[in-house]
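Novice:
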Amino acid sequence: MGKNYVVNGATLKCVLGAAPSTLTVLPVNRVEINGKAKANIMDCKPMVNIKPFGTCAKMAPPVPCTPVVTTWLKGKTNVLVGGMPALMSDSMAICSCGGGIIKIQKDGQ
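This is the structure we're talking about:
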């Protein structure tokens with residue numbers, strides 16, 4: 292499967308989360324693909340860009356998820372979006388709260 296750019300509305304999945312989440316990309320200084328803002332590696336702020344994944348299986352008993360991510364890994368460094376590397380469909384992030392790996396399930400295009 293080829294790598295695609297990730298846009299607003301992409302579906303995310305954390306290996307420790309009970310449910311998928313959605314990526315929200317604010318349209319400030321962004322280019323668009325089919326009317327949707329393209330994401331970059333800094334679109335990772337909890338509750339702004341990354342919504343909760345239901346409950347976190349790492350916590351006992353399971354508690355509501357609050358994703359804590361500092362950056363996405365594996366961005367496209369030769370394509371800048373808003374001054375930062377573009378987020379790609381094979382990018383991933385690690386939650387520093389529970390240690391879960393967050394991946395892109397659907398790129399949103």
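Using my numbering, the first residue of the sequence shown is number 292, and each one after it goes up by one. We treat Cβ as the ideally placed atom computed from N, Cα and C, and that holds for glycine. Being a predicted model, the structure only gives us computed values, none of them experimental.
What would DSSP say about L378, mapped onto helix, strand or coil?
Specialist: Coil at L378, not helix or strand.
Novice: Specify, as a first and last residue, the run of the beta strand (DSSP E) that C305 falls within.
Specialist: Taken as a continuous stretch (DSSP letters only), the beta strand (DSSP E) holding C305 covers T302 to C305.
Novice: Is it a yes or a no for the region 350-360 touching the region 380-391, going by three-plus beta-carbon pairs under 8 Å?
Specialist: Touching, yes, given that three or more Cβ pairs across the two stretches are closer than 8 Å.
Novice: Where G399 and A351 are concerned, what is the direct C-alpha to C-alpha distance, given to the nearest angstrom?
Specialist: Going by the C-alpha atoms only, they are around 33 Å apart.
Novice: Per DSSP, I395 forms a beta bridge with which residues?
Specialist: Looking at the DSSP assignment, I395 forms a beta bridge with L303.
Novice: By Cβ distance below 7 Å, which residues in the same chain neighbour I341 in space, the five residues on each side in sequence not counted?
Specialist: Closer than 7 Å at the Cβ level, and outside the excluded window around I341, lie L303, S312, L314, C335, P358 and V360.
Novice: If you count every other CB in all the chains shown that lies within 10 Å of the CB of M338, and 16 or more means buried, which is it?
Specialist: Exposed, because fewer than 16 other Cβ atoms sit within 10 Å of the Cβ of M338.
Novice: Determine the contact status of I395 and S380, defining contact as a CB-CB distance below 7 Å.
Specialist: Contact: yes.
Novice: Near L364, what residues of its chain come up, given a Cβ to Cβ distance below 7 Å and the 5 sequence neighbours on each side ignored?
Specialist: Around L364: S382, M383 and A384.
Novice: Would you kindly check if the distance between the Cβ of V297 and the Cβ of L371 is under 7 Å?
Specialist: In this structure, V297 does not lie closer than 7 Å to L371 by Cβ.
Novice: Excluding the 5 residues preceding and the 5 following T368 in the sequence, name in chain order all residues of the same chain whose CB lies nearer than 6 Å to its CB.
Specialist: Cβ neighbours of T368 beyond the five flanking positions: P376.
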